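Just below is one structure, and these are the notes that go with it.
Protein chains in written order, with UniProt numbering: chain A, 1 to 424; chain B, 1 to 424.
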């Protein structure tokens, strides 16, 4: 008899954890993803700012599960989930399942602002980060030969929207790229014209962090020449000018959008109730209503605790993945399923060299020690000894030499497009 | 008074050497390239076979020339050279010159075979190498779920055309990727079905190398399960089937074309006589006829020595670059220009782990010692301590663990295309 088949969609933090948690279960697993690698998203902004290479934060999925004969990987994008027939349709073939774990994560949310969706840059995948890197470097090349001082100033104005960890870390990283790394490359460019602006719609940075640390973050960013504007929301961006909800304007070519996330488009391929941000409603045991064989976790799932939806962050996905795997094993063993309870972990964000904020249980701290903690936690969470070594080496190199080695404008996107058209 | 302006087109081995050789000359230099980095082309095949990351073999041009106030970099593609007015037109602005050094290198030559140009893969730039890497990995993903044994066999047949160093090294690297690295990733795939074929139109590999070393190379490739077919030329490739000039056929999805080079398209933008392979004819002093202020060097230049054109290899470009720079300095100092004489350096090619061939003057050797020499020469020729360290580390890692860490299918080309269209 064929073993029970568990299909997991998405090789992010949640999907990977679910596959690992099922390692000893009497099931065979197929992990489906449209990429062949797991991506360590929290460091994407470092690829975008020329500090890390894509391969430093991406890890081949097949390699993670080497030596597990009951594990299979299916490269493809899910187009439809047929809950009644227990079948998945992907662009590269169909899969039947006994249990299904949906862990496709989230995508950038522009809240319906079409001009922002069209002209801003995201930071959700490797392609995003390479596009941002190319763009940032191109702005300096263009500014270096621009005669019109107003245009030059716009080219050298970099705006990040969103005061969460991604926005704060990105703004800090751009500031260090501009302030510490690039000036010797452009001896004839006046770097005092550079402006870096962080916009946050709410009244504070890093929502949920204690006031003291929020203030520290604010001041640390200001020390790095980042203009932080709280209570400031974007309403339009045509590629040359941001229009704020308040009516103000910012002339810039660069808007990095880290201000919103919603459930991945996969949610639309599943005929099941959705809640806010297009997330799939789940039961206390993390199943879809009326489909106890289908679980949704992480950014894709809408789960309330103490009357509020859980945030779209990695720890939720990881804890829910373990829980969903456990519930499958309990079911196979004839036991009742258990309701999920989220345990809030710490908060950790860096603003740059020697500076970070950390909350762990009752402990709160900021500065050098928090920064060392940030470094170590991120190194340890990377998969594989090679990537840990490689990232450690890159960070040590930058720290010592104020140098970021990956400041390459590539791949040449237009060129790739042409080749892609040639080889479909 | 403005300093004499030397414009150099191309930041390959030749262009870089010319800019370095002019460091002490009383001139200002502008280096023009459509990329912002220098590329170490001899190791491109290692990016294509998932051993090195692009950033390992690419180096930001501006960083090379840091601290030289008379050096400028212009990012752009040359569209027209107006010899009469001493002006260059690029897609990002015009440049006037006093002296011009054309060092744009070569491009893939398909000898007019349209089907080959359309469906084969090149190995001349980073984009090429990423496209090849994506393709090779995709073939294994497709083969892993292919039911038809004939189609599966075609998916697992990899053909390299061209028995020069690039072809030999690529075939060896594909063999080790397939034989040593990938099998644990695809436990259900029968790797005995894989075929790697190296086609060479002439009767021997590595033209110009002594017979003994040519035989060694042939045997070393056979030991690595590479089928070497001499006196075999391609006439057509429709993406699924290669038709040989002899009439035979090979069912495959992969043809890597390392069988021909010609002068870069820049040659067409210069109104000056061309010789074979579209190369610009130059005088003994490396100038264009009737334009003593314009030099052409390397792959772009046609220069005969002892009745034969110089080969399109890096040492020619480097030696000619020094010579052109010297002639400019002699001219500025009121001295006569000197004719160029090429001194043949050695030959060095690796077939894989522990195996290489080397010719240095009267010395010829093969095997482990030649391989160690190959490693060292390539490490030393890379620019920058960081890249040397990083490449050494990657090679040591592979050697010890039979692992290539960059086996990532990315960037997602279709996705990039969409983004590119959104952000022109």
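Even for Gly, the Cβ is constructed at its ideal location relative to N, Cα and C. Everything numeric in this text was worked out from a predicted model, so none of it was measured.
Whole-Å CB distance - residue i paired with residue j, under 8 Å assumed
i, j, result
"residue 88 (chain B)", "residue 81 (chain B)", "6 Å"
"residue 119 (chain B)", "residue 255 (chain B)", "7 Å"
"residue 31 (chain B)", "residue 55 (chain B)", "That belief does not hold up - the Cβ atoms of residue 31 (chain B) and residue 55 (chain B) are roughly 20 Å apart, past 8 Å."
"residue 58 (chain A)", "residue 126 (chain A)", "6 Å"
Cβ neighbours of residue i in the same chain (closer than 8 Å, five flanking residues each side left out)
i, result
"residue 330 (chain B)", "336, 337 and 338"
"residue 319 (chain B)", "340, 342 and 343"
"residue 79 (chain B)", "89, 90, 91 and 269"
"residue 145 (chain A)", "none"
8 Å Cβ cutoff, residue i in contact with chain D
i, result
"residue 409 (chain B)", "Absent here is chain D; the protein component of the structure consists of chains A and B."
Min CB distance residue i to chain B below 8 Å
i, result
"residue 60 (chain A)", "yes"
"residue 416 (chain A)", "Note on residue 416 (chain A): pLDDT 47, under 50, position unreliable in the model; the coordinate value appears next. Yes, residue 416 (chain A) lies at the interface with chain B (some Cβ there is under 8 Å from its Cβ)."
"residue 378 (chain A)", "no"
"residue 93 (chain A)", "yes"
"residue 419 (chain A)", "Reliability of the predicted coordinates at residue 419 (chain A) is poor, the pLDDT of 45 falling under 50, and the value obtained from them is presented with this limitation in mind. At least one chain B Cβ lies under 8 Å of residue 419 (chain A)."
"residue 406 (chain A)", "yes"
"residue 397 (chain A)", "yes"
"residue 187 (chain A)", "yes"
"residue 36 (chain A)", "yes"
"residue 69 (chain A)", "yes"
"residue 145 (chain A)", "yes"
Residue j beta carbon less than 8 Å from that of residue i
i, j, result
"residue 294 (chain A)", "residue 287 (chain A)", "yes"
"residue 428 (chain A)", "residue 404 (chain A)", "Since the first residue shown for chain A is 1 and the last is 424, residue 428 (chain A) is missing from the structure and cannot be characterised."
"residue 207 (chain B)", "residue 13 (chain B)", "no"
"residue 49 (chain B)", "residue 177 (chain B)", "yes"
"residue 348 (chain B)", "residue 377 (chain B)", "yes"
"residue 408 (chain B)", "residue 134 (chain A)", "no"
"residue 201 (chain A)", "residue 166 (chain A)", "no"
"residue 225 (chain A)", "residue 196 (chain A)", "yes"
"residue 297 (chain B)", "residue 103 (chain B)", "yes"
"residue 358 (chain B)", "residue 299 (chain B)", "no"
"residue 234 (chain B)", "residue 97 (chain B)", "no"
"residue 77 (chain A)", "residue 34 (chain A)", "yes"
"residue 346 (chain A)", "residue 172 (chain A)", "no"
Per-residue burial, residue i [other beta carbons within 10 Å of its own, 16 or more giving buried]
i, result
"residue 416 (chain A)", "Note that residue 416 (chain A) scores a pLDDT of 47, beneath 50, so its modelled location is shaky; the value from the coordinates is reported in the next line. Buried, because 16 or more other Cβ atoms sit within 10 Å of the Cβ of residue 416 (chain A)."
"residue 427 (chain B)", "Beyond the ends of chain B as shown, which are 1 and 424, falls residue 427 (chain B); an answer cannot be given."
"residue 2 (chain A)", "exposed"
"residue 211 (chain A)", "exposed"
"residue 326 (chain B)", "buried"
"residue 323 (chain B)", "buried"
"residue 483 (chain B)", "In this structure chain B extends from 1 to 424, so residue 483 (chain B) is not present and cannot be described."
"residue 396 (chain A)", "exposed"
"residue 333 (chain A)", "exposed"
"residue 91 (chain B)", "exposed"
"residue 413 (chain B)", "Unreliable positioning characterises residue 413 (chain B) in this predicted model, as indicated by a pLDDT of 46, which lies under 50. The coordinate reading is nonetheless provided below. Buried is the call here."
"residue 306 (chain A)", "exposed"
"residue 385 (chain A)", "exposed"
"residue 374 (chain A)", "buried"
"residue 390 (chain A)", "buried"
"residue 188 (chain B)", "exposed"
"residue 141 (chain A)", "buried"
"residue 418 (chain B)", "Model confidence at residue 418 (chain B) stands at a pLDDT of 45, short of 50, so the residue's coordinates are unreliable; what they give is reported in the following sentence. Burial call: exposed."
"residue 25 (chain B)", "buried"
Proximity test, Cβ basis, 8 Å: residue i and chain A
i, result
"residue 412 (chain B)", "The predicted position of residue 412 (chain B) is uncertain, since its pLDDT is 49 and thus under 50; no value can be drawn from it."
"residue 141 (chain B)", "yes"
"residue 124 (chain B)", "no"
"residue 5 (chain B)", "no"
"residue 277 (chain B)", "no"
"residue 251 (chain B)", "no"
Other residues of its chain near residue i: CB distance less than 7 Å, five sequence neighbours each side excluded
i, result
"residue 371 (chain A)", "350, 354, 355 and 356"
"residue 183 (chain B)", "191"
"residue 117 (chain B)", "110"
Beta-carbon contacts of residue i that lie in its chain and below 6 Å, excluding the five residues immediately before and after
i, result
"residue 156 (chain B)", "143, 193 and 194"
"residue 83 (chain A)", "291"
"residue 28 (chain A)", "3, 5 and 70"
"residue 21 (chain B)", "322 and 325"
"residue 383 (chain B)", "59"
"residue 399 (chain B)", "none"
"residue 65 (chain A)", "71"
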